[in-house]
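*Asks:*
In the working numbering, the protein residues as written are 10 to 435.
1) Rounded C-beta distance between residue 322 and residue 368? I'm assuming under 8 Å.
2) Identify every residue that forms a DSSP beta bridge with residue 321.
3) Is the stretch 392-399 touching the stretch 350-370, taking contact as three or more C-beta pairs under 8 Å?
4) In the stretch 390-418, which residue ranges form an unbroken beta strand (DSSP E) of at least 3 residues, counting only runs that do not cross its ends?
5) Count the other CB atoms, across all protein chains shown, that sit within 10 Å of the CB of residue 229; report buried if there are 16 or more and exposed otherwise.
6) Residue 97 CB to nearest chain D CB: under 7 Å?
7) Report the three-state DSSP secondary structure of residue 106 (helix, strand or coil).
8) With distances taken Cα to Cα, identify the nearest neighbour of residue 336 among 329, 186, 356.
9) Taking DSSP as the reference, what is the three-state secondary structure of residue 282?
10) Starting from the Cα of residue 107, find the closest Cα among 75, 20, 249, 191 and give me that residue.
11) For the beta strand (DSSP E) containing residue 111, name the first residue and the last one.
12) Starting from residue 163, trace the alpha helix (DSSP H) both ways and give me its first and last residue.
13) Could you tell me how far apart the beta carbons of residue 348 and residue 425 are, in whole angstroms, since I believe they sit closer than 8 Å?
14) Whose C-beta lies closer than 6 Å to the C-beta of residue 121 among residues of the same chain, with five residues either side of it excluded?
15) Where do the ends of the beta strand (DSSP E) carrying residue 72 lie?
16) Thinking just about the alpha-carbon of each residue, which of 260, 366, 141 is nearest to the one in residue 171?
17) Answer with buried or exposed for residue 74, where buried requires no fewer than 16 other C-beta atoms within 10 angstroms of its C-beta.
18) Based on DSSP bridge pairs, tell me the residues matched to residue 186.
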């Protein structure tokens with residue numbers, strides 16, 4: 010049976026909006042009176058759930074509410090959820106930056122955390138001095154820190170600036186240094202909160218490999234918070250999903266990512282093309298909806314490399330029929346670089362006559378894209394006249410998979426396309 014190194018039992022955190030603490034002496038006195046009488050906090054019942062999109066008359070909110078889970082030694086646990094779901098509050102409680110309003114956190118071993126860029130790094134001290142300072146905070150002796158000093162500096166890639174004050178470092182250099190200290194000074198539990206998003210692609214891959222190493226070969230535990238679902242799938246063994254301060258799902262990392270995509274699909278802008286203010290159109294052809302579906306016909310915006318994907322567009326025209334209707338879905342990467350054009354003329358030719366309204370579907374049987382985020386621009390022309398143009402109409406995320414069936418994930422840094430190929434020797 011795996012050893013439990015972190016146990017979170019019914020943890021909740023309450024805040025008063027707009028103020029520090031409770032904000033009012035009367036509320037503090039009222040709470041004190043109820044406490045000495047053995048009664049429940051009177052403001053707990055007034056608190057509302059943590060939904061940032063809704064206005065409420067209550068001044069109290071549960072940032073997280075009744076969260077319970079266990080983490081085993083050597084496990085890499087993903088904590089995912091949309092912005093405002095309570096992830097950062099939970100990590101601050103685990104890192105003992107703040108205390109829970111209710112519940113208990115039990116922990117075995119030292120904890121190292123990277124919650125923000127520059128956390129624990131003193132700007133006036135040099136990189137070298139910060140390594141020794143952070144090591145001491147984590148409970149390491151000077152001898153232990155000195156023994157690992159060269160490895161830390163080498164991993165961070167900041168050797169030239171090691172004697173320069175950290176205030177002159179870029180945000181990426183600070184992340185490199187902070188992560189290197191936390192990873193090499195061997196805390197039993199390591200918390201990583203989205204900081205890898207600041208580093209460059211090379212460092213992100215190196216950091217993920219390091220986290221795999223510390224978990225698999227050194228038996229340390231990692232709590233990983235990220236909006237990068239590819240990194241979550243690649244690194245984590247299990248995941249928990251937070252929504253409006255509550256724990257709504259726990260399971261394997263792959264299932265947790267799927268649940269996250271299902272729960273948040275309706276917040277994605279692809280279903281709102283009809284009200285986009287940046288659309289260019291003549292009014293002869295209107296687009297009411299554009300979305301993505303999987304092989305089973307379910308609306309999705311998260312796919313795996315090699316998955317089947319269908320791009321669907323609902324349209325209506327003031328014309329009786331539409332010959333020579335050109336429909337283009339232009340595929341772009343997250344940087345806006347064009348990758349490919351999906352064009353109906355390429356497959357159907359130009360002679361097909363479309364009805365005045367309906368649904369146009371473009372299907373890809375095996376998605377040949379590596380991990381990343383991809384955008385679709387929609388262009389519709391009738392008889393060579395531009396009738397509709399919407400850039401960044403929708404996006405979908407692609408997660409890594411064993412595309413070639415050889416037991417490994419193709420590295421995104423070597424290219425965005427995954428091409429079917431045959432090799433032979435003569």
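Glycine is no exception: its CB is placed at the ideal position from the N, C-alpha and C atoms.
Fair warning: this is a prediction, and the values are worked out from it, not measured in the lab.
*Replies:* Let's see:
1) Residue mapping note: residue 322 aligns to position 313 of the chain shown, counting from 1. Residue mapping note: residue 368 aligns to position 359 of the chain shown, counting from 1. The beta-carbon distance between residue 322 and residue 368, rounded to whole angstroms, is 7 Å. This is short enough to meet the 8 Å contact definition.
2) Your numbering for residue 321 matches position 312 in the chain shown. BP columns for residue 321 point to 300, 370.
3) No, the stretch 392-399 does not touch the stretch 350-370.
4) Along the stretch 390-418, the beta strand (DSSP E) occurs as fully enclosed runs of 3 or more residues at 394-408, listed in sequence order.
5) One-based indexing of the chain shown puts residue 229 at position 220. Buried.
6) No chain D appears in this structure, which consists of one protein chain only.
7) Here the question's residue 106 lines up with position 97 in the chain shown. Coil at residue 106, not helix or strand.
8) In the chain shown, counting from the first residue as 1, residue 336 sits at position 327. A check of alpha carbon separations from residue 336 across 329, 186, 356 identifies 356 as the nearest.
9) Along the chain shown, one-based indexing puts residue 282 at 273. Taken through DSSP and simplified to helix, strand or coil, residue 282 comes out as helix.
10) Residue mapping note: residue 107 aligns to position 98 of the chain shown, counting from 1. Residue nearest to residue 107 within the set 75, 20, 249, 191 is 20 (criterion: CA-CA distance).
11) Here residue 111 refers to the residue found at position 102 of the chain shown. Its beta strand (DSSP E) spans residues 111-116.
12) The sequence position of residue 163 within the chain shown is 154, counting from 1. Looking at the DSSP string, the run of the alpha helix (DSSP H) that includes residue 163 is 151-165.
13) Numbered from its first residue, the chain shown carries residue 348 at position 339. Numbered from its first residue, the chain shown carries residue 425 at position 416. About 7 Å separates the Cβ atoms of residue 348 and residue 425, confirming a contact at the 8 Å cut-off.
14) For this step, residue 121 is matched to residue 112 along the chain shown. Excluding residues up to 5 positions away in sequence, 147, 191, 196, 199 lie with their Cβ nearer than 6 Å to the Cβ of residue 121 in the same chain.
15) Here residue 72 corresponds to residue number 63 of the chain shown, with the count starting at 1. From DSSP, the beta strand (DSSP E) with residue 72 extends over 69-81.
16) Taking the first residue of the chain shown as position 1, residue 171 is located at position 162. Measuring from the Cα of residue 171, the nearest candidate turns out to be 141.
17) Residue 74 sits at position 65 when you count from the first residue of the chain shown. Of the residues assessed, residue 74 falls on the buried side of the cut-off, its CB having 16 or more other CB atoms within 10 angstroms.
18) Against the chain shown, residue 186 aligns to sequence position 177. Note: residue 186 is not bridge-paired with any residue in the DSSP secondary-structure output.
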